[in-house]
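Input: a single structure, listed below in structure tokens.
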């Protein structure tokens, strides 16, 4: 390329677009897409709520808004299954699973992120691999173990295999590795030992990751179906997902009470989200889990 | 307060040596600066003193006590990190108080000491802010506050000014120097910035490739660099280093077409390769012919108060510091005189300093100039 070619005013030869016009169009297109996606995601939830309010004779109406409304489905659902008890069981199971998975995850992740020890990479890989093992592979051994322990048909049995999870360890280890080394070294210089470094320096600064992980574990535990189905013998010791399934029988599905029970099962998670909406969105943004 | 003694300290990562045996002795209350290019091992050495890196072999003693296996917090050292390393979730007050809280200092005493440190560092108005709400300079002052509140025997600074802009760097440099005069604690400061090194140091330690090249006062190191590396590294613009060869009678001749000038004498045998050094401010530039090395000015850098002219001397580049002037020099032929008393001579193979007989050299230079002319 000659010097003249370099000096030529190339910018003037093509039309110049204003930044604001371009970004305005992009933003509008983005908003339209997001509205469509939101409708796509929210419609099943709305349909569940609408169906739960339709009387039995109007259950298969296709109008968007129910023509007549009734709470009969809710009364039927509450009469048919111990729904309050099941919700409490689900809450206990979900909260304890979340707390224990976070606790074991934090401690294990700290070990992997902080120390080098013999076979550390092998152990880390083994943990990562357990994440890839389908539940169906481990359910029989787990079931036999729980049966031998005499814990069948109990909430404790639901929690026991969920005390630790590979996802929590891997995510937290990654977050801890990304934490500035100098800050940990400064804490060491200041006189903090490992336990204090973990709980007073690392954990408070990983709140975003921990919060988003907690939400993921909680929702996944709340929606757990297969493991409770294997262990539960009585409705009193079961969880809400099993309760919902009770309205699906060989004789046919009771759509009204099923939708009412599903709505009730969704309420606690929805409530948690409404109360913590800002924190949930912030934590997901900060931790990079989207 | 305590002195620091480092004896034959070595460091290797996976068998690969990065420090080849460092010996240092820093007296009590001294401000020592370790300077060197990136990767020379200066930060590794500082981290070994702090206890953040294991020592492969050798001994580090603070106040006469060997610290090799002592926990970092028990060595009596406080460290200021390059990236400040403040606790993001704590306020300035909590950051400064944290080491005291860990040491079990009662709350009342802790508060007094935090307030004192904040006063010294002009942080009183920011005590309840989080690090994210502070500027770079303020964050660095908080990091220093966290260090001084511990009242350590030794202060360790790991390139603490690198992340600051030029103006703030100068201000913080002055503050650090004032702080040292006030606290009088033994301080070790690591930097790759030779201006920082020259201005702060009582004792300057120049490192290169995992070895100590020279230890001395800033003026000693500037005036009598022990090696070509030190000569080239310390000083801005850098010392001119020109390849030369020892000729007959120890006469030094520039390696250039026609060996234009014999400059000094040395005791090396004829044919020995040497490096000739001269500081840019010692070179005398003349626009009229008659004396010195003929050269062409390639480029002139304006610095406001002075100018730096980059000249081509028989294929070698030389920089010359000139007083401020509007005289356009670029592209012009000039003549450079290298006063013998300002010449430095280094062995080109070992890089070590050689003592030349400059008096004889002066005579030789004159004779050669006549020949060239």
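Chains as they are written, first to last, in the working numbering: chain A, 45 to 334; chain Z, 7 to 379. Every residue, glycine too, gets a C-beta built ideally from N, C-alpha and C. Every value quoted in this text rests on a predicted model; they were computed, and no experiment measured them.
Alpha-carbon spacing of residue i relative to residue j, whole angstroms
i: residue 185 (chain Z); j: residue 131 (chain Z); result: 19 Å
i: residue 285 (chain A); j: residue 146 (chain A); result: 23 Å
i: residue 200 (chain A); j: residue 110 (chain Z); result: 41 Å
i: residue 71 (chain A); j: residue 321 (chain A); result: 23 Å
i: residue 187 (chain Z); j: residue 179 (chain Z); result: 13 Å
i: residue 10 (chain Z); j: residue 213 (chain Z); result: 17 Å
i: residue 13 (chain Z); j: residue 194 (chain Z); result: 16 Å
i: residue 289 (chain Z); j: residue 147 (chain Z); result: 41 Å
i: residue 165 (chain A); j: residue 218 (chain A); result: 13 Å
i: residue 163 (chain A); j: residue 194 (chain A); result: 36 Å
i: residue 202 (chain A); j: residue 262 (chain A); result: 14 Å
i: residue 112 (chain Z); j: residue 119 (chain Z); result: 11 Å
i: residue 68 (chain A); j: residue 78 (chain A); result: 15 Å
i: residue 124 (chain A); j: residue 136 (chain A); result: 22 Å
i: residue 327 (chain A); j: residue 319 (chain A); result: 14 Å
i: residue 80 (chain Z); j: residue 58 (chain Z); result: 12 Å
i: residue 247 (chain Z); j: residue 44 (chain Z); result: 21 Å
i: residue 370 (chain Z); j: residue 234 (chain Z); result: The predicted model places residue 370 (chain Z) with a pLDDT of 36, which falls under 50 and marks its position as unreliable, so this point remains unresolved.
i: residue 172 (chain A); j: residue 81 (chain A); result: 32 Å
First through last residue of the beta strand (DSSP E) which encompasses residue i
i: residue 394 (chain Z); result: With chain Z covering only 7 through 379, there is no way to say anything about residue 394 (chain Z).
i: residue 217 (chain Z); result: 217-222
i: residue 213 (chain Z); result: 209-214
i: residue 246 (chain Z); result: 246-252
i: residue 105 (chain Z); result: That residue, residue 105 (chain Z), is in no beta strand (DSSP E); its alpha helix (DSSP H) goes 98-108.
i: residue 27 (chain Z); result: 22-32
i: residue 37 (chain Z); result: 37-41
i: residue 163 (chain Z); result: 160-164
i: residue 172 (chain Z); result: No beta strand (DSSP E) holds residue 172 (chain Z); the alpha helix (DSSP H) holding it covers 172-189.
i: residue 4 (chain Z); result: Because chain Z spans 7 through 379 in this model, residue 4 (chain Z) falls outside it and cannot be assessed.
Residue-chain proximity (residue i, chain A), Cβ-Cβ < 9 Å
i: residue 272 (chain Z); result: no
i: residue 46 (chain Z); result: no
i: residue 116 (chain Z); result: no
i: residue 88 (chain Z); result: yes
i: residue 317 (chain Z); result: no
i: residue 77 (chain Z); result: yes
i: residue 135 (chain Z); result: no
i: residue 8 (chain Z); result: no
i: residue 140 (chain Z); result: no
i: residue 95 (chain Z); result: yes
i: residue 145 (chain Z); result: no
i: residue 123 (chain Z); result: no
i: residue 156 (chain Z); result: yes
i: residue 119 (chain Z); result: no
Enclosing alpha helix (DSSP H) for residue i [first to last residue]
i: residue 307 (chain A); result: 299-319
i: residue 65 (chain Z); result: Looking at the DSSP string, residue 65 (chain Z) is not in any alpha helix (DSSP H); the run it does join, the beta strand (DSSP E), is 63-68.
i: residue 14 (chain Z); result: First-last for residue 14 (chain Z): 10-19, but that is the beta strand (DSSP E), not the alpha helix (DSSP H).
i: residue 49 (chain Z); result: 48-56
i: residue 119 (chain A); result: 116-124
i: residue 133 (chain Z); result: First-last for residue 133 (chain Z): undefined, no H or E at that position.
i: residue 201 (chain Z); result: 200-206
Cβ of residue i within 9 Å of any chain Z Cβ
i: residue 329 (chain A); result: no
i: residue 205 (chain A); result: no
i: residue 157 (chain A); result: no
i: residue 162 (chain A); result: no
i: residue 255 (chain A); result: no
i: residue 240 (chain A); result: yes
i: residue 219 (chain A); result: no
i: residue 258 (chain A); result: no
i: residue 249 (chain A); result: yes
Residues that residue i contacts on chain C, provided the C-beta gap is smaller than 7 Å
i: residue 105 (chain Z); result: This model lacks chain C altogether, as its protein chains are A and Z.
Mind listing, in chain order, the continuous beta strand (DSSP E) runs of no fewer than 3 residues lying wholly within the region 318-361 of chain Z? Here the runs fully enclosed are 322-329, 339-343, 350-353.
Can we say the region 148-163 of chain Z touches the region 81-88 of chain Z, given the rule of at least three CB pairs closer than 8 Å? Short answer: they touch.
If you scan the region 155-194 of chain A from start to end, which runs of the beta strand (DSSP E) of 3 or more residues do you find wholly inside it? DSSP runs (the beta strand (DSSP E)) wholly in the region 155-194 of chain A: none.
Under 8 Å, with one C-beta from each stretch per pair, do the region 219-238 of chain A and the region 157-169 of chain A reach the 3-pair mark? Using a Cβ-Cβ distance cut-off of 8 Å, the region 219-238 of chain A and the region 157-169 of chain A are in contact, since at least three pairs of beta carbons, one from each stretch, lie closer than that value.
Would you call the region 90-99 of chain Z and the region 61-81 of chain Z in contact, with 3 or more CB pairs under 8 Å? Short answer: they don't touch.
For the region 201-263 of chain A, which segments carrying the alpha helix (DSSP H) assignment without a break, of at least 4 residues, lie completely within its bounds, in sequence order? You should have 210-221, 225-234.
Closer than 8 Å is the cut-off here; do at least three beta carbon pairs connect the region 245-261 of chain Z with the region 269-282 of chain Z? Touching, yes, given that three or more Cβ pairs across the two stretches are closer than 8 Å.
Below 8 Å, can you find three or more Cβ-Cβ pairs linking the region 223-240 of chain Z to the region 303-311 of chain Z? The region 223-240 of chain Z and the region 303-311 of chain Z do not touch, with fewer than 3 CB-CB distances between them shorter than 8 Å.
Would you say the region 35-45 of chain Z touches the region 193-211 of chain Z, given that touching needs at least three Cβ pairs under 8 Å? With a cut-off of 8 Å on Cβ pairs, the region 35-45 of chain Z is in contact with the region 193-211 of chain Z, counting three or more such pairs.
Any contact of the region 290-301 of chain A with the region 169-180 of chain A, i.e. 3+ C-beta pairs under 8 Å? Touching, no.
Using 8 Å as the Cβ pair cut-off and three pairs as the minimum, do the region 306-318 of chain A and the region 99-113 of chain A touch? With a cut-off of 8 Å, the region 99-113 of chain A and the region 306-318 of chain A do not count as touching, because too few Cβ pairs lie within range.
Say whether the region 267-279 of chain A touches the region 82-90 of chain A, bearing in mind that this needs 3 or more beta-carbon pairs closer than 8 Å, one atom from each stretch. Contact fails: fewer than three Cβ-Cβ distances are below 8 Å.
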